[in-house]
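Have a look at the structure below before the remarks.
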Amino acid sequence: MFSEPPGSMFLNTMKTKEIKICEHCKTEFSISLEEFYLYQKVGIEFPVICFFCRTKLHLSFWFFGKFRKGKSDLSGQSLITVLPEKSRYPIYTLSEWYSDKWDAMDYGRDYNPDISFLKQLQDLQEKIPHPHQSGTNNTLCDWSDDVWNSKNCYLSRSLEGCEDLFYSYRNLQVKNSIDAVVCFNSEKCYDCSDCHHSYKLFYSRHSRDCIDSYFLYDCRNCQNCFMCWNLRGKSYCIENIQYEKKEYEEKIKLLKLTSYASIESHKKHFEEVIKEEVVHRPNFNLKAYNSDGNYLLDVKNCHNCNTFSNSEDCSNCTRGLNNKSSVDADGCWYSELIGNCSCCVNSYALKYSCHSSSRYSEYLDLCIECEYCFGCVGLKKKKYCIFNKQYNKEEYEMLQDKIVSDMRVLGEYGQFLPYSMGAGPFNFSNAFIYFPETKKEDILALGGYWEDIDESHIEGMPTDKLPDDIKDVSDTITTQALICPETGWRFNVAADELSFYRQNNIPLPRKHFDVRIKDQLKYLTILHSCPYVCFYCHKNIEAHYLPEWKYQKIACEECYKQNIS
Ligand SMILES: [Zn+2]
Ligand SMILES: [Zn+2]
Numbered sequence: 005m006f007s008e009p010p011g012s013m014f015l016n017t018m019k020t021k022e023i024k025i026c027e028h029c030k031t032e033f034s035i036s037l038e039e040f041y042l043y044q045k046v047g048i049e050f051p052v053i054c055f056f057c058r059t060k061l062h063l064s065f066w067f068f069g070k071f072r073k074g075k076s077d078l079s080g081q082s083l084i085t086v087l088p089e090k091s092r093y094p095i096y097t098l099s100e101w102y103s104d105k106w107d108a109m110d111y112g113r114d115y116n117p118d119i120s121f122l123k124q125l126q127d128l129q130e131k132i133p134h135p136h137q138s139g140t141n142n143t144l145c146d147w148s149d150d151v152w153n154s155k156n157c158y159l160s161r162s163l164e165g166c167e168d169l170f171y172s173y174r175n176l177q178v179k180n181s182i183d184a185v186v187c188f189n190s191e192k193c194y195d196c197s198d199c200h201h202s203y204k205l206f207y208s209r210h211s212r213d214c215i216d217s218y219f220l221y222d223c224r225n226c227q228n229c230f231m232c233w234n235l236r237g238k239s240y241c242i243e244n245i246q247y248e249k250k251e252y253e254e255k256i257k258l259l260k261l262t263s264y265a266s267i268e269s270h271k272k273h274f275e276e277v278i279k280e281e282v283v284h285r286p287n288f289n290l291k292a293y294n295s296d297g298n299y300l301l302d303v304k305n306c307h308n309c310n311t312f313s314n315s316e317d318c319s320n321c322t323r324g325l326n327n328k329s330s331v332d333a334d335g336c337w338y339s340e341l342i343g344n345c346s347c348c349v350n351s352y353a354l355k356y357s358c359h360s361s362s363r364y365s366e367y368l369d370l371c372i373e374c375e376y377c378f379g380c381v382g383l384k385k386k387k388y389c390i391f392n393k394q395y396n397k398e399e400y401e402m403l404q405d406k407i408v409s410d411m412r413v414l415g416e417y418g419q420f421l422p423y424s425m426g427a428g429p430f431n432f433s434n435a436f437i438y439f440p441e442t443k444k445e446d447i448l449a450l451g452g453y454w455e456d457i458d459e460s461h462i463e464g465m466p467t468d469k470l471p472d473d474i475k476d477v478s479d480t481i482t483t484q485a486l487i488c489p490e491t492g493w494r495f496n497v498a499a500d501e502l503s504f505y506r507q508n509n510i511p512l513p514r515k516h517f518d519v520r521i522k523d524q525l526k527y528l529t530i531l532h533s534c535p536y537v538c539f540y541c542h543k544n545i546e547a548h549y550l551p552e553w554k555y556q557k558i559a560c561e562e563c564y565k566q567n568i569s
């Protein structure tokens with residue numbers, strides 16, 4: 005247990021490289037030198053749970069949810085949210101939440117030294133309203149969440165600068181696309197993941213600068229290609245074989261791209277190609293200096309980070325950008341010296357907090373532009389507050405010291421907010437996307453929530469009754485409720501969506517849109533590397549692919565470069 009402030013005991017600990025047992029999963033973990041320096045620099049306590057349990061807990065505060073209609077608990081105004089129907093807290097519309105129609109200081113209370121601090125914080129949290137969605141500066145994005153500076157996006161989450169998207173997740177500057185997952189600066193794409201700067205790219209992964217192509221894996225600067233991998237600057241290729249333009253066009257016509265059954269068989273073949281033929285690089289890092297992790301871009305001295313860009317001196321961060329000297333910070337942007345935080349932006353010296361943008365503070369939830377606050381929820385532009393109550397500087401410092409020492413007695417200090425303070429059921433959070441094997445009973449045992457949504461009472465058409473070919477789909481389909489075969493959840497085909505499928509010869513999807521997003525994310529959410537032997541030079545390497553994917557040709561960086569065309 006580390007409970008004292010940094011000092012010689014920690015240096016001794018480092019020398020002996022103490023093995024710790026994770027308080028959640030009971031597996032062993034230790035602290036690396038990089039982590040050790042960052043814990044000291046940021047000034048946070050050493051963790052009592054392992055990296056995976058820390059990330060899982062943080063990401064459980066980042067709600068994925070299921071879109072539903074609801075009403076504001078303030079005005080009764082109708083709203084669309086991903087927050088749970090049976091929520092522990094009131095829900096206000098985003099504009100009401102930011103308005104002066106309510107004041108979080110009205111909920112202020114005294115600290116009671118006889119009750120656990122975290123219990124009191126949770127009690128306060130349950131009284132404070134949550135905004136129904138996050139994001140600003142959007143037009144016609146009501147059916148979306150965590151969307152910023154975007155226009156006309158539907159049933160999508162985590163977007164920045166996007167337009168005309170359906171059913172998409174974590175995209176930057178993507179336009180007029182459907183089922184785009186972790187894509188950047190692309191247009192008119194369908195069913196693509198980790199694709200950049202592409203136009204009319206379909207059913208593809210890990211490709212850049214590609215146009216008018218289908219089923220590409222790790223291709224760059226390719227045009228009019230079908231079922232290709234590891235290609236650079238090619239046109240008119242099918243299965244990496246070069247054709248003449250005319251010949252290519254003739255062959256493409258025979259591939260029946262408008263048929264669902266035919267697309268499914270191409271998809272099956274694509275999976276085989278990925279297993280057997282693709283030369284897989286150890287990771288998808290680009291411009292990563294002295295760093296390790298996956299999907300790193302423009303980073304320096306970043307360790308054990310994932311989907312992380314433009315950052316320096318960070319460890320154990322998943323999903324973030326523009327961060328400096330931060331540790332155990334997940335879903336955080338534009339922050340410095342923050343530690344053990346989830347979903348914080350524009351923050352400095354912030355600890356053990358979530359959904360906040362604040363400085364020199366600890367244990368905040370939903371606090372905007374606050375300084376020197378401790379244990380507060382929903383405050384805006386406040387200073388020296390504890391439990392949403394105003395103090396002067398001296399009173400604040402004395403009470404904070406008292407609370408920290410009480411928390412140390414209970415072993416609470418330095419731990420992140422517990423699962424019981426999460427926004428909703430674990431299985432509808434981003435944590436379940438990264439840790440899909442998590443068991444309901446384990447989350448309930450840790451005080452968390454779980455919900456099985458049953459929509460079997462809703463009538464609709466099973467999707468196996470849909471016409472196989474998009475050409476045979478009539479306009480009336482947009483009035484028909486469809487039932488996902490995997491979840492039993494209801495979904496629809498929107499009119500604009502149908503015209504996108506028709507224009508691009510794409511058969512109707514059969515599964516619920518959230519299931520489709522999760523199917524794609526499976527390959528982008530592995531937070532650890534696995535040991536492999538390079539297929540070519542037999543050197544020992546670490547690569548971010550699970551052994552059960554059975555990829556045959558995993559190569560070291562050098563051999564990868566030599567063996568792609
Ligand atoms: Zn653990
Ligand atoms: Zn090699």
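When we follow the numbering used here, the leftmost residue of the sequence shown carries the number 5, and every step to the right adds one.
C-beta atoms are modelled at their ideal positions from N, C-alpha and C, and glycine is treated no differently.
Residue i and residue j look like a contact to me (Cβ under 8 Å); what is the Cβ gap, rounded to whole Å?
i: residue 233; j: residue 281; result: 6 Å
i: residue 95; j: residue 133; result: 6 Å
i: residue 562; j: residue 286; result: Going by Cβ atoms, the distance from residue 562 to residue 286 rounds to 10 Å, so no, they are not a contact pair.
i: residue 264; j: residue 511; result: 4 Å
i: residue 331; j: residue 39; result: 6 Å
When you measure from the CB of residue i to every non-hydrogen atom of ligand 1, does any distance come out below 7 Å?
i: residue 311; result: no
i: residue 56; result: yes
i: residue 53; result: yes
i: residue 59; result: no
Could you tell me the alpha carbon to alpha carbon distance between residue i and residue j, rounded to whole angstroms?
i: residue 390; j: residue 423; result: 22 Å
i: residue 247; j: residue 295; result: 41 Å
i: residue 230; j: residue 84; result: 39 Å
i: residue 513; j: residue 440; result: 23 Å
i: residue 270; j: residue 218; result: 10 Å
i: residue 73; j: residue 358; result: 25 Å
i: residue 395; j: residue 112; result: 11 Å
i: residue 443; j: residue 452; result: 11 Å
i: residue 6; j: residue 49; result: The pLDDT assigned to residue 6 is 38, lower than 50, so where the model puts this residue is not dependable; a value taken from the coordinates is nonetheless given after this. Rounded to the nearest angstrom, the two C-alpha atoms are 7 Å apart.
i: residue 406; j: residue 27; result: 26 Å
i: residue 77; j: residue 308; result: 41 Å
i: residue 343; j: residue 529; result: 22 Å
i: residue 565; j: residue 137; result: 44 Å
i: residue 116; j: residue 409; result: 13 Å
i: residue 387; j: residue 556; result: 57 Å
i: residue 69; j: residue 81; result: 20 Å
i: residue 203; j: residue 509; result: 15 Å
i: residue 67; j: residue 433; result: 4 Å
i: residue 306; j: residue 356; result: 20 Å
i: residue 11; j: residue 189; result: Because the pLDDT of residue 11 is 45, which lies under 50, any placement of that residue in the model is unreliable, and the question is left without a value.
Quick one: residues in its chain with C-beta nearer than 6 Å to the C-beta of residue i, no 5 flanking neighbours on either side, listed in chain order?
i: residue 304; result: 293 and 316
i: residue 41; result: none
i: residue 311; result: 299 and 323
i: residue 184; result: 172, 175, 178, 193 and 196
i: residue 207; result: 195, 218 and 219
i: residue 142; result: 151 and 154
Within 8 Å of any Cβ in chain B, is that where the Cβ of residue i sits?
i: residue 301; result: Looking at the structure shown, chain B is missing, and only one protein chain is on hand.
CB-CB under 7 Å to residue i, same chain, minus the five flanking residues each way: which ones, in chain order?
i: residue 435; result: 60, 63 and 64
i: residue 362; result: 351, 354, 368, 371, 373, 374, 375 and 377
i: residue 260; result: 266
i: residue 522; result: 437
i: residue 120; result: 414 and 416
i: residue 559; result: 283, 284, 285, 538, 539, 540 and 567
i: residue 544; result: 535 and 537
Among residues of its own chain, excluding the 5 on either side of residue i, which ones have a beta-carbon nearer than 8 Å to its beta-carbon?
i: residue 570; result: For residue 570 there is no data in the structure shown, the boundaries of the chain being 5 and 569.
May I ask you to check if the CB of residue i is nearer than 7 Å to at least one heavy atom of ligand 2?
i: residue 547; result: no
i: residue 557; result: no
i: residue 540; result: yes
i: residue 565; result: no
i: residue 318; result: no
i: residue 475; result: no
i: residue 543; result: yes
i: residue 254; result: no
For residue i, verify whether its CB is less than 7 Å away from any heavy atom of ligand 4.
i: residue 28; result: Absence of ligand 4 is noted for the structure shown, with ligand 1 and ligand 2 being the only ligands found.
If we count Cβ pairs, one from each stretch, closer than 8 Å, do we get three or more for the region 236-249 versus the region 217-228?
-> yes
Just checking, does the region 97-115 make contact with the region 463-471 on the three C-beta pairs under 8 Å criterion?
-> no
Do the region 374-384 and the region 122-139 make contact, defined as three or more Cβ pairs closer than 8 Å?
-> yes
Determine contact between the region 150-157 and the region 480-492, defined as no fewer than three beta-carbon pairs at a distance below 8 Å.
-> no
Is the region 470-485 close to the region 440-460, with three or more CB pairs under 8 Å?
-> no
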